[in-house]
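First the structure, in the form of structure tokens, and then the observations on it.
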Amino acid sequence: MTERRAPDRIAVRGLTAHAHHGVYAFEREQGQTFRVDAVLELDTIPAAAGDDLERTVNYAELAQRLHAVLTGEPVDLLETLAQRLVDVCLADPLVDAVEITVHKPEADLGVVFDDVTVTIRRERDPSLPATRELAAGHGDGATGGGRRGTP
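Read in order, the letters of the sequence shown correspond to residues 1 to 151 in the UniProt record's numbering.
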């Protein structure tokens with residue numbers, strides 16, 4: 001019996017931006033601070049073995065893509081925003097699963113609180129193929145479908 005090891009993880013935590021998400025008109029008009037934590041699960045052995053950035057997730061590029069979604073088209077629900085961020089992560093065929101937490105620390109709840117968060121976790125659908133070309137924007141890779149491809 002083969003022993004299964006825990007997945008490797010790459011995390012970008014505390015990605016912060018002023019954005020205009022929310023149900024209320026004042027949220028859309030004034031905007032507020034949002035923070036995102038992204039934890040990606042993938043096999044980092046090939047990258048480590050060859051000290052090769054092409055065989056792992058470039059977290060600087062990932063942060064830029066997540067920031068673009070965070071500051072992009074406003075949505076009503078944190079759940080919708082979280083799913084859009086998941087889709088960005090799963091567009092990379094090296095990513096097997098991702099957990100996204102969206103923080104809305106300035107939400108108007110009418111009571112004192114520290115933070116409001118929505119956390120979702122999604123795994124890649126192994127029945128759909130994907131390649132690094134799709135992840136780079138040369139196709140419809142934004143759906144997060146596919147399994148790990150070779151770079």
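Positions of the beta carbon are idealized from the N, C-alpha and C atoms, including for glycine.
> Where DSSP assigns a beta bridge to valine 118, which residues make up the other side?
Replying inline: Answer by DSSP bridge pairing, in chain order: Val102.
> alanine 47: buried (16+ other C-beta within 10 angstroms of its C-beta) or exposed?
Replying inline: So alanine 47 counts as buried.
> If we count the other Cβ atoms within 10 Å of its Cβ and call it buried at 16 or more, is threonine 101 buried or exposed?
Replying inline: When all chains shown are included, threonine 101 counts as buried.
>> Suppose you measure from the CA of leucine 134 to the CA of alanine 63; what does that come to, to the nearest Å?
In response: Its pLDDT being 44, under 50, leucine 134 is placed unreliably by the model, and nothing is read from it.
> glutamate 54 to phenylalanine 26, Cα distance in whole Å?
Replying inline: When rounded, the distance between both Cα atoms is 43 Å.
>> Taking the alpha-carbon of aspartate 125 as reference, which of Val118, Asp87, His20 has the nearest alpha-carbon?
In response: Nearest C-alpha to aspartate 125: Asp87.
> Can you tell me whether valine 95 is buried or exposed, with buried defined as 16 or more other CB within 10 angstroms of its CB?
Replying inline: It counts as buried.
>> For glycine 31, report the span of its beta strand (DSSP E) as first-last.
In response: No beta strand (DSSP E) contains glycine 31, which DSSP labels as neither H nor E.
> Can you tell which of Ala97, Arg65, Ser127, Gly31 has the C-alpha that lies nearest to the C-alpha of proline 74?
Replying inline: For proline 74, the nearest C-alpha among the options comes from Gly31.
> Taking the alpha-carbon positions, what's the arginine 121 to aspartate 37 distance?
Replying inline: Each residue's CA atom was taken as its position, placing arginine 121 and aspartate 37 some 12 Å apart.
> Secondary structure at glutamate 61, three-state DSSP: helix, strand or coil?
Replying inline: Helix, per DSSP.
> If we count the other Cβ atoms within 10 Å of its Cβ and call it buried at 16 or more, is threonine 119 buried or exposed?
Replying inline: Counting Cβ neighbours within 10 Å, threonine 119 comes out exposed, since fewer than 16 surround it.
>> What does the Cβ neighbour count give for proline 93, buried or exposed, with the cut at 16 atoms within 10 Å?
In response: Taking every protein chain shown into account, the CB of proline 93 has 16 or more other CB atoms within 10 angstroms, so this residue is buried.
> Straight-line CA distance for alanine 6 to glutamate 29?
Replying inline: Approximately 44 Å between the Cα atoms of the pair.
> Who are glutamate 41's beta bridge partners in DSSP?
Replying inline: Arg9, Ala97.
>> So the candidates are Arg9, Thr16, Lys104, Glu3; which of them puts its Cα closest to the Cα of alanine 68?
In response: The shortest C-alpha separation from alanine 68 is found at Thr16.
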